[in-house]
Structures are given as structure tokens and as C-alpha cells.
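Participant: Quick note on numbering: the sequence shown equals residues 1164 to 1372 in the working numbering.
Where a beta carbon is used, it is the ideal one built from N, C-alpha and C, also for glycine.
Note that the structure is predicted; figures quoted are calculated from it, not measured.
What follows is a single structure, and I will ask about it in a moment.
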Amino acid sequence: MQHSYLVIEGNIGAGKTSLVDLLVKKYQGREVLEGFAENPFLPKFYEDPKRYAFAVEMFFLSERYHQLNNELLQQSLFDQHTFSDYFLSKSLIFARANLDSDEFDLFFKMYEIMMKQLPQPDLLVYLHRDVNELQYNIQKRGRAYEADISDAYLQRIESSYFQFLKQQPLKMLLLDVNGIDFVSDYEKFDQICKIINQPFEQGIKKVKL
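Here you go:
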């Protein structure tokens, strides 16, 4: 693995954590996973998005920053590679989709301050799945507070991700994994590893498995 810090991003239910788990086992790297269940505002947000959007996004921003700051800036003598299922930019993407303009302006000021203090990934991989596959995965994992996520919300998050990716001066891979179960199909996972291990230039490279 030529990338020392690799981030897997994607919509809700895309398979980010599953892919990170597999990469960590294969390359014996350090795993940085998002503590998704710890936001006390999240269940309330799904019940009343307008009322709790700012609280849920500010909480996520703070928690993500503190976790990444602790994990990424801590020197490791044993792990040559770090794999994460999120980056701080995830907060910006969801905030853009969920907040009104005044709330987003305030949020963005805090985000910019925090973002400047974190290292950038060597490669950002975005896993793309169609909404019907996302919904299937969401229902399969059975988190109660995610049960009523709408197709429209998932489409809004995807649009926010695409808008973000187009604006970033990073090395990025948009990986279309529609219909692909890389957890049970090792050949597909091995194919993903070969793609990820290629050299990348700044910008977005699109690959469909």
C-alpha cells in the first residue's frame, strides 16, 4: 500500500466501514472509525430535522475534529498506514445539505478553523451506490434512528458530496460499487486493492467495478 493515510467516504450505507475493516486486516494498518452512535441529537434530528439540524452538525463537527486530531497527530511506531471511514469534510457535506444559509455560514467559520489543523489524506476514495442499494444496506444493519431516511435525503447528501469533490485539491477516486459485495467476494475486494494502489494525480478519477 503506497498511501500512508487513506480515507474512505460515501453516502449512508455505502460500505465505508466494511471496506476500512478489510483494508486494515490486509495491510495491518491503524483504523480510525467514526463513533456514529454517540451523537445524542441524531435520533431527534431524524424525527425533527429542522429543529435539531444545527445541534447535530455542530456536535458531529466537534467530535470528528477531536477524534481526528488525537488519532492523526499521534505518532505511531507500529502502523505505517492509517485507514479511516470519514474525514472532517464529512461534516461540511452534511451541513450543506441540512442547514439553512445563516446556520451554515456560522458552521463554516468553525469548520475552516479546524480543517487547517488536520493533515490531508494521501487519497480519498468515494464509494458510490444507487439509492436503492443504500436503502437496502440501511435497513439490513437495522439502526432504529435510520429507519425512516428518505430517498430524497440520500440524494441530497450525494449531491452535496459531488459538489464537495469537484472543489477539492486532493487526489480522489470515485469508485462505483453498485451491485458489488466486496465483503463476501474476495476477488472484488482484491480488485479494489489493486485500483487503490495505483498512483493518482490531483483531481477525481472515476472507476466502475
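Within 10 angstroms of the Cβ of Y1299, are there 16 or more other Cβ atoms? Answer buried if so, exposed if not.
Facilitator: Taking the first residue of the sequence shown as position 1, residue 1299 is located at position 136. It counts as exposed.
Participant: Going along the chain, which residues of its own chain have a beta-carbon closer than 7 Å to the beta-carbon of S1252, five neighbours each way excluded?
Facilitator: Indexing the sequence shown from 1 puts residue 1252 at position 89. If we look at S1252 and ignore the five residues flanking it on each side, its Cβ neighbours are F1327.
Participant: Quick check: the Cα distance between Y1168 and V1294, rounded to an integer number of angstroms?
Facilitator: Taking the first residue of the sequence shown as position 1, residue 1168 is located at position 5. Taking the first residue of the sequence shown as position 1, residue 1294 is located at position 131. Rounded to the nearest angstrom, the two C-alpha atoms are 28 Å apart.
Participant: When you compare the CB of D1268 with every CB in chain D, is at least one pair closer than 8 Å?
Facilitator: You won't find chain D in this structure, because it holds only one protein chain.
Participant: To test your reading of the DSSP string, which unbroken alpha helix (DSSP H) runs of 4 or more residues are found completely within the segment 1170-1238?
Facilitator: 1179-1190, 1205-1210, 1212-1235
Participant: Would you call the segment 1283-1291 in contact with the segment 1168-1182, where contact means no fewer than 3 C-beta pairs closer than 8 Å?
Facilitator: Judged by pairs of C-beta atoms under 8 Å, the segment 1283-1291 touches the segment 1168-1182, as three or more such pairs exist.
Participant: Just how far apart, CA to CA, sit R1227 and Q1354?
Facilitator: Here residue 1227 is taken as the residue at index 64 of the sequence shown, counted from 1. Here residue 1354 is taken as the residue at index 191 of the sequence shown, counted from 1. Distance between the alpha carbons of R1227 and Q1354: 30 Å.
Participant: Can you find at least 3 beta carbon pairs, one from the segment 1263-1283 and one from the segment 1186-1201, that sit closer than 8 Å?
Facilitator: These segments do not touch.
Participant: Between K1329 and the rest of its own chain, which residues show a CB-CB distance below 8 Å, the 5 nearest in sequence each way excluded?
Facilitator: Residue mapping note: residue 1329 aligns to position 166 of the sequence shown, counting from 1. Correct list, in chain order: I1367.
Participant: What does the Cβ neighbour count give for K1179, buried or exposed, with the cut at 16 atoms within 10 Å?
Facilitator: Translated into positions along the sequence shown, residue 1179 becomes position 16. Buried, since its Cβ has 16 or more Cβ neighbours within 10 Å.
Participant: In angstroms with no decimal places, state the Cα-to-Cα distance between F1352 and I1320.
Facilitator: By one-based count along the sequence shown, residue 1352 stands at place 189. By one-based count along the sequence shown, residue 1320 stands at place 157. In this structure, the alpha-carbon of F1352 lies about 25 Å from that of I1320.
Participant: Nearest by alpha-carbon distance to L1337: which of F1363, A1258, R1306, V1219 is it?
Facilitator: Within the sequence shown, residue 1337 is the residue found at index 174, counting from 1. When the alpha-carbon of L1337 is set against those of F1363, A1258, R1306, V1219, the nearest one is in F1363.
Participant: Could you give the first and the last residue of the continuous beta strand (DSSP E) run that contains Y1308?
Facilitator: Within the sequence shown, residue 1308 is the residue found at index 145, counting from 1. Membership of Y1308 in any beta strand (DSSP E) is not indicated, and neither H nor E is assigned to it by DSSP.
Participant: Taking the beta carbon of L1236 as the centre, do at least 16 other beta carbons fall within 10 Å, making it buried, or is it exposed?
Facilitator: Here residue 1236 corresponds to residue number 73 of the sequence shown, with the count starting at 1. Looking at its Cβ environment, which holds fewer than 16 other Cβ atoms inside 10 Å, L1236 is exposed.
Participant: Buried or exposed for K1334, going by 16 or more other Cβ atoms inside 10 Å?
Facilitator: Position 171 of the sequence shown, counted from the start, is the residue given in the question as residue 1334. Under this definition K1334 is a buried residue.
Participant: Between which two residues does the alpha helix (DSSP H) holding K1369 run?
Facilitator: In the sequence shown, counting from the first residue as 1, residue 1369 sits at position 206. Looking at the DSSP string, K1369 is not in any alpha helix (DSSP H); the run it does join, the beta strand (DSSP E), is 1366-1371.
Participant: Considering only residues of the segment 1272-1305, which uninterrupted alpha helix (DSSP H) runs meet the minimum length of 4 residues and lie entirely inside it, listed in chain order?
Facilitator: Qualifying alpha helix (DSSP H) stretches, in chain order: 1294-1304.
Participant: Can you tell me which of the three DSSP states L1240 falls into?
Facilitator: Position 77 of the sequence shown, counted from the first residue, corresponds to residue 1240. Note that L1240 scores 48 on pLDDT, short of 50, meaning its location in the model is unreliable and no value can be drawn from it.
Participant: Following the continuous beta strand (DSSP E) through L1338, name the residue where it begins and the one where it ends.
Facilitator: Translated into the one-based positions of the sequence shown, residue 1338 becomes position 175. Residues 1334-1339.
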